[in-house]
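Notes follow the structure.
Residue numbers (full-length UniProt numbering): 1 to 845.
This is the structure:
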């Protein structure tokens, strides 16, 4: 945010001309102007915004009011439709009694005389008024009803109801009144004509005094208004000629607009007294009809205090801008004068006049600025005086430094000559100390000490190079002997490694065979265990089969007992059937006798009939005969059924006896099966015991085999280790041989380099008498001799054929340390004629 502000200020500085930026008064005036314009714009915009919001709210209120009035007119219309329908469907009208209907209609009108103009009952086929609340219409044609036109009858046939346009009709006193008639069919050829007074609706209209409301019909003419249509309804039927306003009623919602100019047409009628030059108009349609409601209100009344707010807001804004300008001018003028005065005094100070007066009576920021300039002037005066004193001191110091520099240059030339002599190879040259400059004296002493040490070092290097050359020749001879012995050791170890490999292969073969044998033994043991499990399950199954057989034998015994009981029951049933058979025989004899009796009765009846008095007896005889025949038939049928039962009983007895015989045979067979199962169980138990013994023996064999396999694995592992160690020793011996070769080469190179070092050191001039004891001792030579001893030791080891472990320390001397030393020496002395130490001297070439 701070960066953005800085960027904006930088851009503003670039855009504002320098003439303005150099003058505070101009910038202050511009700032006041911008502030005034901003305040003015805010005030004007705020006032305009408030005005627009209030006006919009007023227009919304107008739209709401006109919608409410449209709903009121719709409710009046719907109520009239419901009333007409209620009368048309009443019981009195349904009876079609004209006198009764007329009395009922008169009572209804009397009860609602403020809303109803007249009600008539008409015949739509004959187009005749059958009954009416107005005596002048009774018995007249429908055409006598002024509000009903010729389209009403056709509309009834299609829709069952019809609504007239608002109409002025004659009232009972010879005057006219506006009405709307509702025609509703009560039967196929009967209808009710209900005429409602628009005055009743206008009584319900309540608007402000300055608001003019109009209700327009479908043709855009006035049907009602807030002024009761003027004197004698003079505005009724006048055309509303504002087409733009009527067009706004085509939408579903209320619409509002502001009209500028004097009202014209019906709105300018004297009955309304509407003479505003600007007014708000709102219009909306009435749902369910082609009517509409229009509101008119002057803007000065509708907006009320908005104009006052707008006017006073403008005045307040102007006063605020003027106040800001006046206060800013006063403050800016005083501030600008003080700043200009201070600027002129600062210019005098810039010209060198430090005695300028810097006093003011102001105690604000400008007053503090005056004090700050005063303090700055005093500090500046003091700094100038201090600078003059420092300049004089610096001049004196400069002269002293020049003298020191001249002396140092002279001593530097002397020291340079001594250094050139030393560089040329004269290590006896020395520098004289300087008593005047301590630093130069220390340099001379340090340089002299350095040359003395170099001189002693060079002398020692000469002696050391000679000794190294001699020792190198001895090392070369010893290393040749050790290399030969190492080759013999390598060949012997290689033979041992080959034998260990063959032994390892044999052990691996034995290990594989033993593993296969162990696997086979384990499989046999597993199979034996499975067989033992099967034998054990066989024993268990035999035991279960034995138990089941025992249970079957018991069940068969129970079945046999039940079969015997059944046979006894069947035999008893057969005995009872025989008794029934005997009873049927008795019934048959009785029926036969009854039949004979009936025959005798018929004979007697015939005789009696001849005498003229046997009709009743004959009838009884006939009934007895009939009964006898029915008994005989029933006895025959019972005989037949008993015969069938007897046959089935005989077959059941035979089958039960046969079943009993079969059960005896099955019992014997089950007993035999039980004996066999017992024998099988015993054999299976014995088999299980034998298999368990085999399984135990097999498992012991498998365990032994596993132990043999483990031993063979261990032997194979040892063989592998032996082979690996042999290969390791072989590799170590080869590395030792290679290292000895490198030692030989390095010793040869060392001897040559020692010779070259001696030649190089001969170029230096030294004074042996003045040198202290040599800084080198005989350790270096002893190291070389030690290497020679190690060589002999290693050679001895190779010839005696001892194991590598016994002389691992001596072998390490050459395999680890010696190659590294030789390699480091070879790195320090690459191929070529370069010496270990190089000195720039033309005399050595």
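All C-beta atoms in this analysis are idealised placements derived from N, C-alpha and C, irrespective of residue type, glycine included.
No experiment lies behind these values; they were computed from the predicted model shown.
query                                                                                                                                                                                     : result
Got a sec? Which residues, its chain only, sit under 6 Å from residue 240 by beta carbon, not counting five neighbours each side?                                                         : 216, 220, 266
Closest to residue 498 by CA distance: which of 222, 724, 751 is it?                                                                                                                      : 724
What does DSSP give as the partner residues of residue 166 in its beta bridges?                                                                                                           : BP columns for residue 166 are empty, so no partner.
Determine whether the beta carbon atoms of residue 849 and residue 317 lie at a separation below 7 Å.                                                                                     : Summary: the structure shown does not reach residue 849, with the chain confined to residues 1 through 845, and so no result is reported for it.
Between residue 755 and the rest of its own chain, which residues show a CB-CB distance below 8 Å, the 5 nearest in sequence each way excluded?                                           : 465, 469
Contact between the segment 225-245 and the segment 167-176 is defined here as three or more beta-carbon pairs at a separation below 8 Å; is this criterion met?                          : yes
Would you decide whether residue 8 is buried or exposed? Buried here means 16 or more other CB atoms lie within 10 Å of its CB.                                                           : exposed
Should the segment 257-266 be regarded as contacting the segment 198-208, the criterion being three or more beta carbon pairs within less than 8 Å?                                       : no
Would you call residue 142 buried or exposed, if buried means 16 or more other Cβ atoms sit within 10 Å of its Cβ?                                                                        : buried
Report the partner residues of residue 296 according to the DSSP bridge assignment.                                                                                                       : 212, 281
Answer with buried or exposed for residue 226, where buried requires no fewer than 16 other C-beta atoms within 10 angstroms of its C-beta.                                               : buried
Measuring alpha carbon to alpha carbon, tell me which residue in 409, 564, 99 is nearest residue 133.                                                                                     : 99
The alpha helix (DSSP H) with residue 421 in it runs from where to where?                                                                                                                 : 365-423
Grouping DSSP H, G and I as helix and E and B as strand, with all else coil, what is residue 227?                                                                                         : coil
Report the option in 149, 190, 388 whose CA atom is closest to the CA atom of residue 101.                                                                                                : 190
Might you give, ordered along the chain, the residues of its own chain that have their beta carbon closer than 6 Å to the beta carbon of residue 207, omitting 5 neighbours on each side? : 213, 226
Quick check on the burial criterion: 16 or more other C-beta atoms within 10 angstroms. Buried or exposed for residue 341?                                                                : exposed
Quick check: the Cα distance between residue 343 and residue 363, rounded to an integer number of angstroms?                                                                              : 18 Å
Kindly confirm or deny that the segment 145-165 and the segment 60-71 touch, where touching means at least three C-beta pairs closer than 8 Å.                                            : no
I need the boundaries of the alpha helix (DSSP H) containing residue 101, first residue and last residue.                                                                                 : 98-111
Which ranges does the beta strand (DSSP E) cover as unbroken runs of at least 3 residues, wholly within the segment 126-202, from first to last along the chain?                          : 128-132, 161-163, 167-170, 176-187, 190-197
Mark residue 80 as exposed unless 16 or more other C-beta atoms lie within 10 angstroms of its C-beta, in which case mark it buried.                                                      : buried
Between residue 422 and residue 380, how many whole angstroms is the CB-CB distance? I'm expecting something under 8 Å.                                                                   : The pair is not a contact, with the Cβ atoms about 59 Å apart (cut-off 8 Å).
Measuring straight from C-alpha to C-alpha, what distance separates residue 103 and residue 94?                                                                                           : 14 Å
Would you please state the rounded distance, in angstroms, between the beta carbons of residue 254 and residue 66? I believe it to be under 8 Å.                                          : 5 Å
Classify residue 11: buried if its beta carbon has 16 or more other beta carbons within 10 angstroms, exposed otherwise.                                                                  : exposed
Leaving aside the five residues before and after residue 184 along the sequence, list all residues of the same chain whose C-beta is less than 6 Å from its C-beta, in chain order.       : 84, 85, 88, 161, 192
Got a sec, what are the start and stop residues for the alpha helix (DSSP H) residue 245 sits in?                                                                                         : 243-247
For residue 303, which beta-bridge partners are listed by DSSP?                                                                                                                           : In the DSSP output, where bridge partners are listed per residue, residue 303 has none listed.
In the DSSP assignment, the beta strand (DSSP E) including residue 123 goes from what residue to what residue?                                                                            : 116-123
What is the DSSP secondary structure of residue 205, reduced to helix, strand or coil?                                                                                                    : coil
So the alpha helix (DSSP H) residue 356 belongs to, where does it begin and stop?                                                                                                         : Neither: residue 356 is in no alpha helix (DSSP H) and is coded neither H nor E.
Which term fits residue 390, buried or exposed, when burial requires 16 or more other beta carbons within 10 angstroms of its beta carbon?                                                : exposed
In this structure, how does DSSP classify residue 449 when only helix, strand and coil are distinguished?                                                                                 : helix
Roughly how many whole angstroms lie between the Cα atoms of residue 377 and residue 36?                                                                                                  : 40 Å
Consult DSSP for residue 533 and reduce its assignment to one of helix, strand or coil.                                                                                                   : helix
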